[in-house]
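Numbering (UniProt numbering), first residue to last: 1 to 225.
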């Protein structure tokens, strides 16, 4: 489904581009009501959300949420154990994901100031994988470089210590779990909402029209007079 099909036709956008016209709520709602949505599309959208994030297959979702929380909290070893309990093939068949999880374990050791333990872990668990894969070796060298600095937060690769790196690893393992269950890793509904925001931002440069400012209600708000 295209967002422009739902909210506004491309022809309307072109018409509005010529002038800064004001569109009333009545006119806008008339345009929205003229758009025909297939029931099948709506059902597919809802099912995609339910299967991926809601209560279908609750036991598996509970484990997936626990894995995400563990990585986000820096408890990577616990996350690896949970993934293996869920499905050992996820990490067995995805060496890049397993390396990134082990790399995150190393980062957490460095964050905690456990220098000797970090060096030992890097040598025993990560170095052998770096010998087999040049990309892994480069990432390992970048990570170990933090040990050279007394304060890792001041080193050139301090971005590895950012929470955003935990979130990146979390996203990667979450996608792998979903893929192993033949679910789509990208939710359609949030994507459509992002497209809505983008479309409104584009239209803001052209006409004045009723906005949807609160996505939780989807209520139109009249344009400023």
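Note that the Cβ used here is the ideal one computed from N, Cα and C, for glycine as well. Values in this document were obtained by computation on a predicted structure and should not be read as measured data.
Have a look at residue i and residue j and give me their C-alpha separation to the nearest angstrom.
{"i": "residue 97", "j": "residue 66", "result": "17 Å"}
{"i": "residue 74", "j": "residue 214", "result": "33 Å"}
{"i": "residue 55", "j": "residue 87", "result": "Because the pLDDT at residue 55 is just 47, under 50, the model does not fix this residue reliably, and the point stays unresolved."}
{"i": "residue 116", "j": "residue 124", "result": "12 Å"}
{"i": "residue 189", "j": "residue 45", "result": "6 Å"}
{"i": "residue 197", "j": "residue 203", "result": "10 Å"}
{"i": "residue 162", "j": "residue 119", "result": "20 Å"}
{"i": "residue 78", "j": "residue 92", "result": "17 Å"}
{"i": "residue 38", "j": "residue 223", "result": "29 Å"}
{"i": "residue 33", "j": "residue 139", "result": "53 Å"}
{"i": "residue 135", "j": "residue 127", "result": "12 Å"}
{"i": "residue 49", "j": "residue 194", "result": "15 Å"}
Leaving out the 5 sequence neighbours to the left and right, which residues in its chain are closer than 6 Å to residue i when beta-carbon positions are compared?
{"i": "residue 137", "result": "130"}
{"i": "residue 144", "result": "122"}
I'd like to confirm the pairing. Which residues does DSSP put opposite residue i in its beta bridges?
{"i": "residue 160", "result": "For residue 160, which the question treats as bridged, DSSP gives no partner whatsoever."}
{"i": "residue 211", "result": "221"}
{"i": "residue 22", "result": "208"}
For the candidate residues the options, whose alpha-carbon lies nearest to that of residue i?
{"i": "residue 228", "options": "76, 23 and 155", "result": "The first residue shown for the chain is 1 and the last is 225, placing residue 228 beyond what the model contains."}
{"i": "residue 113", "options": "43, 41 and 149", "result": "149"}
{"i": "residue 84", "options": "27, 30, 179 and 63", "result": "63"}
{"i": "residue 180", "options": "31, 46 and 90", "result": "90"}
{"i": "residue 42", "options": "99, 205, 192 and 72", "result": "192"}
{"i": "residue 111", "options": "174, 165, 82 and 124", "result": "165"}
{"i": "residue 156", "options": "141, 167 and 200", "result": "141"}
{"i": "residue 70", "options": "33, 92, 49 and 101", "result": "101"}
{"i": "residue 158", "options": "72, 107 and 49", "result": "107"}
{"i": "residue 170", "options": "109, 80 and 60", "result": "80"}
{"i": "residue 82", "options": "201, 204, 173 and 195", "result": "173"}
{"i": "residue 60", "options": "178, 32 and 72", "result": "178"}
{"i": "residue 146", "options": "126, 128 and 109", "result": "109"}
Within its chain, find whatever has a CB closer than 7 Å to the CB of residue i; leave out the 5 residues flanking it on each side and keep chain order.
{"i": "residue 94", "result": "176"}
{"i": "residue 217", "result": "none"}
So, at 8 Å on beta carbons, what are the nonlocal neighbours of residue i in its own chain, with the 5 sequence-adjacent residues on each side left out?
{"i": "residue 133", "result": "95 and 99"}
{"i": "residue 212", "result": "196, 200, 218, 219, 220 and 221"}
{"i": "residue 152", "result": "110, 111, 146, 158 and 161"}
{"i": "residue 28", "result": "209, 210 and 220"}
{"i": "residue 167", "result": "72"}
{"i": "residue 40", "result": "none"}
Scan the UniProt domain "CTLH" (60-117) and note each continuous alpha helix (DSSP H) run of 4 residues or more that stays entirely inside, going in chain order.
If we require 4 residues or more, the alpha helix (DSSP H) runs fully inside the UniProt domain "CTLH" (60-117) come out as 76-86, 89-92 and 95-111.
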